[in-house]
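Residue numbers (mature numbering (1 follows the signal peptide of the UniProt record, and there is no 0)): -22 to -1, 1 to 294.
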């Protein structure tokens, strides 16, 4: 009879022990603030130690004698940690970590003790630097896709519209910066010109796609011409117009933010439509060339290249 009860008690205790030992999972974005949660039964003579459990135990923060004790704090955490002092008496030992870096990733132990006992709690911190921007451009017949400042290491894939038999073999170049972030780059030869090429960069938390539309040509009057931009679903997060790939005409950083025109183009820019189309006026022959519209929302970027040929209006 005791044997059955003992087995039940053993199983319950084993379950509780396993449950208590399970790490709390926390995800934080690179260079943002982050809270590592920790609680304990309230009591007197509180001691709190936060330790990063890497190849060695690194002291992130200590608190005892009713105040922070940072004399032995590791230099890496200096000036970036704090506790919620007004909540410690209620059993809150959570750590606030600012300016999160990739090196902060890993397992942490929150050790707490009072006159009634002590407790260990383990937190696993994952650091993410989401894909913020994907650049795609075409120079002659080579299309290049790139993205920077990502963590963890991203994936990059190509696709075409309509789907085609074009070789999209993908051997991206990946480099890691001093901050341990990843830059990724890939290029391919556009052997078929009548295609739309898309490049997607993805991580465990998000993905972004940049799409390059085929080159179009228009003839415009030197008095006034509107250059179209491929329509993208709102809300828009960015708009950039360039001339001959490198010269910026204007940029806009949000749907409700006024666009900024570069000094060299202030006399020519008349207006920008809600969809991003650009109306220019009073052209000169020097402004005949390729105009690039780069329109972005939260998930995608559309790049449209238009070759503008200028015609003189009658009477000029």
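Every residue, glycine too, gets a C-beta built ideally from N, C-alpha and C.
Between residue 202 and residue 270 the beta-carbon gap is near 20 Å, outside 8 Å, which marks them as no contact.
Here residue 68 has 20 as same chain residues with Cβ atoms under 8 Å from its own Cβ, once five neighbours each way along the sequence are excluded. Linking residue 123 to residue 115 through their CA atoms gives a straight-line distance of about 7 Å. In this structure, the alpha-carbon of residue 139 lies about 49 Å from that of residue 59. For residue 4, the enclosing beta strand (DSSP E) covers residues 2 to 7. Taking 3 residues as the minimum length, the beta strand (DSSP E) runs contained wholly in the region 143 to 231 are 151 to 154, 160 to 167, 174 to 180, 185 to 190, 194 to 199, 202 to 205, 216 to 221 and 225 to 230, in order along the chain.
The shortest CA-to-CA distance from residue 89 to any of 101, 231, 207 and 79 is the one to 101. When C-alpha distances from residue 193 are compared across 209, 182 and 171, the shortest belongs to 171.
Going by beta carbons, residue 289 and residue 281 fall outside the 7 Å limit. For residue 100, the pairing in a beta bridge is given by DSSP as 87.
With a cut-off of 8 Å on Cβ pairs, the region 69 to 88 is in contact with the region 4 to 17, counting three or more such pairs. Note on geometry: alpha-carbon atoms of residue 93 and residue 22 lie some 6 Å from one another. Residue burial is scored here from C-beta neighbours: residue 285 has fewer than 16 other C-beta atoms within 10 angstroms and is therefore classed as exposed. Going by DSSP, residue 32 is part of no beta strand (DSSP E) at all; its letter is neither H nor E. Within its own chain, the residues whose Cβ lies closer than 6 Å to the Cβ of residue 1, once the five positions on either side in sequence are excluded, are 100 and 102, listed in chain order.
Following the DSSP letters along the chain, one finds residue 235 in no beta strand (DSSP E), marked with neither H nor E.
For residue 109, the closest C-alpha among the options 43, 162 and 254 is that of 162. With respect to residue 120, residue 197 sits apart: the two C-beta atoms are not nearer than 7 Å. Secondary structure at residue 22: coil, using DSSP grouped into helix, strand and coil. Our two residues, residue 40 and residue 26, have alpha carbons roughly 6 Å apart in a direct line. With fewer than 16 other Cβ atoms inside 10 Å of its own Cβ, residue 235 counts as exposed.
Distances from the alpha-carbon of residue 16 to those of 174, 62 and 141 put 62 closest.
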